[in-house]
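S.K.: Numbering-wise, the sequence shown is residues 1 to 117 according to the UniProt record's numbering.
Yeah, the Cβ is synthetic: ideal placement off N, Cα and C, and Gly gets one too.
Computed from a predicted structure; not experimentally measured.
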Amino acid sequence: MLLQDLAELNWFPMAGPAIRTEEQRDGDRFLVRAELPGIDPGKDIAITITDDNLRLVVVRLPDVVRGARTQFRYGTFQRLLKLPPGTQHKYTLGYHEGILEIAMNVGEPPAELDQQG
Numbered sequence: 001m002l003l004q005d006l007a008e009l010n011w012f013p014m015a016g017p018a019i020r021t022e023e024q025r026d027g028d029r030f031l032v033r034a035e036l037p038g039i040d041p042g043k044d045i046a047i048t049i050t051d052d053n054l055r056l057v058v059v060r061l062p063d064v065v066r067g068a069r070t071q072f073r074y075g076t077f078q079r080l081l082k083l084p085p086g087t088q089h090k091y092t093l094g095y096h097e098g099i100l101e102i103a104m105n106v107g108e109p110p111a112e113l114d115q116q117g
């Protein structure tokens, strides 16, 4: 349990809390699952893919009564994930019970150019 507690520490407090994710490759599909309870995936998330990186940005605004005590985390959260070579930049989204799923197809990585001098 101690290792899990250490893993959950925020080692870079200026970066803000991390989004917990799972990544899985199944044949020609790559699936990212992100733990994001209490968001509206239609308006609270932004996904960008550049090169072989997927950036997930989530904004969670407080909806509590002023003066109420809460331990929920609010603000802007982000996560940068390295994608497998050959991952297509098109994706599909699903959201169920606080879990966001991002699915992408993975093809063959581009062939390296053979440079002979």
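Figure out for me which residue from 42, 74, 95, 43 has the closest Cα to the Cα of residue 35.
M.R.: One-based indexing of the sequence shown puts residue 35 at position 35. Of 42, 74, 95, 43, the residue nearest in Cα terms is 95.
S.K.: Kindly indicate which three-state DSSP category residue 65 falls into: helix, strand or coil?
M.R.: Start at 1 with the first residue of the sequence shown, and residue 65 comes out as number 65. Correct three-state label for residue 65: coil.
S.K.: Using only alpha-carbon positions, find the residue among 20, 98, 84, 29 that is nearest to residue 40.
M.R.: Mapped onto the sequence shown, residue 40 falls at position 40. Measuring from the Cα of residue 40, the nearest candidate turns out to be 98.
S.K.: Just reading off the beta strand (DSSP E) that residue 48 is part of, what are its end residues?
M.R.: As a first step, residue 48 must be located in the sequence shown, where it is residue number 48. Start and end: 45-50.
S.K.: Whole angstroms are fine: how far does the CA of residue 63 sit from the CA of residue 101?
M.R.: Against the sequence shown, residue 101 aligns to sequence position 101. Against the sequence shown, residue 63 aligns to sequence position 63. Whole-angstrom Cα-Cα distance: 24 angstroms.
S.K.: Taking only three categories from DSSP, how would you classify residue 35?
M.R.: Counted from its first residue, the sequence shown places residue 35 at position 35. Three-state DSSP puts residue 35 in a strand.
S.K.: Cβ of residue 18 within 8 angstroms of Cβ of residue 79?
M.R.: Locating residue 18 in the sequence shown gives position 18, counting from the first residue. Locating residue 79 in the sequence shown gives position 79, counting from the first residue. Yes, the Cβ-Cβ distance between residue 18 and residue 79 is below 8 angstroms.
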